[in-house]
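Student: The sequence shown begins at 1 in UniProt numbering and counts up one residue at a time.
Positions of the beta carbon are idealized from the N, C-alpha and C atoms, including for glycine.
Quick one: structure below, then a few questions.
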Amino acid sequence: MKDVSGLLERTAQSQGAQPRCPLTGTLMTRGLTVPMDWRRPVTSRERQIWWNADHSFGQIHPRPALDEIPEFYDFPTYYTHDDPNSLDSAEEERRIGALGRLLGSIAYRFERGAEPTVEWWGSVIPRGARNGLEIGCGNGDRMKTFGAHVEATVGIEPDQRAAAVAREKGLEVHAGTAEDLPPAIRARKYDAIVFSHVLEHTMDPILALQNARDLLTDTGILSVEVPNNASTGSRWMGERWRWLDTPRHLNFFTPDSLRACAQSAGLTVRAVLFRGYVRQFMPDWILDEARITAAQQRRAVTQADIDRQVRHSARLLAATAMAAPEKKYDSVRLICTR
């Protein structure tokens with residue numbers, strides 16, 4: 001089991017002017033500048049994403065201090081906190097108009113993603129699986145989904161507010177991180193380990209995957225899903241892409257770099273899957289990207305911003321409906337074994 005003994009040292013080294021890629025050790029180049037945290041505009045500051053072109057892998061540098069990270073999630077509408085958004089669905093649909101409402105219906109006809117349903121989990125989790133683990137379980141909703149196919153599930157979660165929501169649902173959740181797993185988690189082996197939109201939040205994604213690999217049974221599977229920064233939606237929106245979400249996201253993957261990280265951690269990649277097409281054309285996504293654009297310009301969102309975003313989404317739909325999966329879907333998932 002790997003530990004965090006070298007993490008603080010690597011974090012300190014990363015504060016230099018030109019960081020090195022954890023995959024190759026080569027110098028990274030300056031990429032996107034994200035002017036603010038649009039979800040917390042009063043306390044936000046500019047963040048710089050550096051990029052390794054060889055593996056299409058990005059990271060925020062300088063890396064935040066470990067004790068700085070909890071405040072990134074300290075707002076009521078973060079999705080794992082189970083607090084309602086300020087707009088209800090009817091109001092969201094009204095604001096995007098008839099064209100905006102039509103986009104989701106059209107996109108649905110071209111959706112072929114591997115959605116992680118109860119049935120899908122049943123197709124990848126080994127028969128007779130005993131223990132399941134979700135690393136970064138949030139409010140516990142996913143534990144209930146894949147937990148139907150294992151005898152017992154357990155989660156770890158560093159966000160105390162999200163963990164409390166999960167425990168209220170009767171789930172076993174321990175405080176900890178992927179890089180620093182608690183003893184109760186390390187005492188077992190697991191037939192299914194899940195990272196669902198978690199690896200992008202970690203300080204050291206390779207260490208996180210190494211720790212998980214050490215906990216897999218010989219026949220166990222590890223599922224890891226992250227935002228797909230190779231998607232057309234990501235490229236077109238740049239620093240305004242909804243899934244960029246700095247500073248909560250510290251790492252930025254494409255299918256190639258996610259595979260490279262898994263292999264660097266000693267995992268064998270068995271499948272590369274994609275999901276998340278229709279949701280790029282749903283009201284909440286369109287509205288959020290309009291809000292991000294306005295927030296980064298230090299002003300309130302207007303109906304003109306929303307209408308402009310709807311037109312952007314219509315062009316995106318036309319460009320991606322028949323595109324290759326890497327360009328089409330907003331998320332990529334690997335299925336790995338030891």
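1. List in chain order: all unbroken alpha helix (DSSP H) runs of 4+ residues lying wholly within the stretch 166-214.
2. For the candidate residues Glu-151, Glu-326, Thr-337, Phe-252, whose alpha-carbon lies nearest to that of His-61?
3. Residues in its own chain within less than 6 Å of Cys-326 by CB, not counting five upstream and five downstream?
4. If you draw a straight line from the C-alpha of Ser-223 to the C-alpha of Leu-273, how long is it?
5. Since Asp-214 contacts Val-150 with CB under 8 Å, what's their CB separation in whole angstroms?
6. Pick out the complete beta strand (DSSP E) segments inside the stretch 206-259, 3 residues or longer, and give them in chain order.
7. In angstroms, rounded to a whole number, what distance separates the CA positions of Trp-243 and Glu-134?
8. Where in the stretch 44-108 do unbroken runs of the alpha helix (DSSP H), each at least 4 residues long, occur, reported from the N-terminal end onward?
9. Starting from Val-272, trace the beta strand (DSSP E) both ways and give me its first and last residue.
10. Taking only three categories from DSSP, how would you classify Cys-137?
11. Could you check whether the stretch 139-154 touches the stretch 203-211, counting it as contact only if at least three pairs of C-beta atoms, one from each stretch, sit closer than 8 Å?
12. By Cβ distance below 7 Å, which residues in the same chain neighbour residue 342 in space, the five residues on each side in sequence not counted?
13. Tell me whether the beta-carbon of Pro-283 lies closer than 9 Å to the beta-carbon of Glu-46.
14. Within its chain, find whatever has a CB closer than 7 Å to the CB of Ser-27; leave out the 5 residues flanking it on each side and keep chain order.
15. Have a look at Ile-49, Ile-221, Ala-107, Ala-294 and flag the residue whose alpha-carbon is nearest the alpha-carbon of Ile-306.
16. On the CB-based measure, 16 or more other CB atoms within 10 Å of its CB, does Val-118 come out buried or exposed?
17. If you reduce the DSSP assignment to three classes, tell me which class Thr-29 lands in.
18. What residues in its chain sit with their C-beta under 7 Å from that of Gly-147, if we drop five residues either side in the sequence?
19. Residues in its own chain within less than 6 Å of Arg-35 by CB, not counting five upstream and five downstream?
20. Cβ of residue 358 within 9 Å of Cβ of Arg-291?
21. In the DSSP output, what is Leu-334 paired with across the bridge?
22. Take Asp-74 as the anchor and find which of Leu-316, Ala-166, Ala-162 has the nearest alpha-carbon.
23. How big is the Cα-Cα spacing for Ala-324 and Thr-268?
24. Could you compute how far the alpha carbon of Leu-287 sits from the alpha carbon of Pro-70?
25. Relative to the C-alpha of Arg-188, which candidate in Arg-167, Asn-211, Arg-308 has its C-alpha closest?
26. Is Ile-125 helix, strand or coil by DSSP?
27. Between the stretch 306-321 and the stretch 98-113, do three or more beta carbon pairs fall short of 8 Å?
28. Compare the C-alpha of Pro-227 against each of Ser-264, Phe-57, Ala-178 and name the closest.
29. I'd like the span of the beta strand (DSSP E) that includes residue 356, first residue to last.
30. Can you tell me the Cβ-Cβ gap for residue 339 and Thr-337, rounded? I've got them flagged as a contact below 8 Å.
31. Give the DSSP-derived three-state secondary structure of Gly-132 in the structure shown.
32. May I have the straight-line CA-CA distance separating Gln-13 from Asp-245, to the nearest angstrom?
Tutor: Based on what the coordinates show:
1. Counting whole runs of 4 or more residues, the stretch 166-214 contains the alpha helix (DSSP H) stretches 183-186.
2. Comparing Cα-Cα distances from His-61 to each of Glu-151, Glu-326, Thr-337, Phe-252, the minimum goes to Phe-252.
3. Looking at the sequence itself, residue 326 is Glu, so the reference to Cys does not match. Once the five neighbours on either side are set aside, the close Cβ partners of Glu-326 are Ala-230, Pro-255.
4. Looking at the two C-alpha atoms, the distance is approximately 10 Å.
5. Not confirmed; about 19 Å, so no contact.
6. Whole beta strand (DSSP E) segments, 3+ residues: 216-227.
7. Distance between Trp-243 and Glu-134, taken at the CA atoms: about 21 Å.
8. As for any alpha helix (DSSP H) of minimum length 4 sitting wholly inside the stretch 44-108, the runs are 89-108, ordered along the chain.
9. In the DSSP assignment, Val-272 falls within the unbroken beta strand (DSSP E) covering 268-275.
10. Coil, per DSSP.
11. No, because fewer than three Cβ pairs between the stretch 139-154 and the stretch 203-211 fall closer than 8 Å, the two stretches do not touch.
12. Residue 342 lies beyond the residue range present for the chain, which begins at 1 and ends at 338; the question has no answer from this structure.
13. At the C-beta level, Pro-283 and Glu-46 stay beyond 9 Å of one another.
14. Per the sequence shown, the amino acid found at residue 27 is Leu instead of Ser. Taken in chain order, the residues that qualify are Gln-18, Arg-20.
15. Comparing Cα positions, the closest option is Ala-294.
16. Exposed, since its Cβ has fewer than 16 Cβ neighbours within 10 Å.
17. Residue state, collapsed to three classes: strand.
18. Only residues of its own chain outside the window of five on either side were considered, and among them Gly-132, Thr-153 have a CB closer than 7 Å to the CB of Gly-147, listed in chain order.
19. Here the sequence assigns Pro to residue 35, which means Arg is not the residue at that position. For Pro-35, where only same-chain residues beyond five positions count, the Cβ hits under 6 Å are Glu-46, Gln-296.
20. Only positions 1 to 338 of the chain appear in the structure, and residue 358 is not among them; the question remains open.
21. Its beta-bridge partners are Val-224, Val-272.
22. For Asp-74, the nearest C-alpha among the options comes from Ala-162.
23. Taking the straight line joining both Cα atoms gives about 24 Å.
24. The alpha-carbon of Leu-287 is positioned some 26 Å away from that of Pro-70.
25. Out of Arg-167, Asn-211, Arg-308, Asn-211 has the C-alpha closest to the C-alpha of Arg-188.
26. The answer is coil: DSSP assigns Ile-125 none of H, G, I, E or B.
27. Yes, they touch.
28. For Pro-227, the nearest C-alpha among the options comes from Phe-57.
29. With the chain covering 1 to 338 only, the question about residue 356 has no answer from this structure.
30. Residue coverage of the chain in this structure runs from 1 to 338, which leaves residue 339 outside it and unanswerable.
31. Shown here, Gly-132 sits in a strand according to DSSP, grouped into three states.
32. Model confidence at Gln-13 stands at a pLDDT of 45, short of 50, so the residue's coordinates are unreliable and nothing is read from them.
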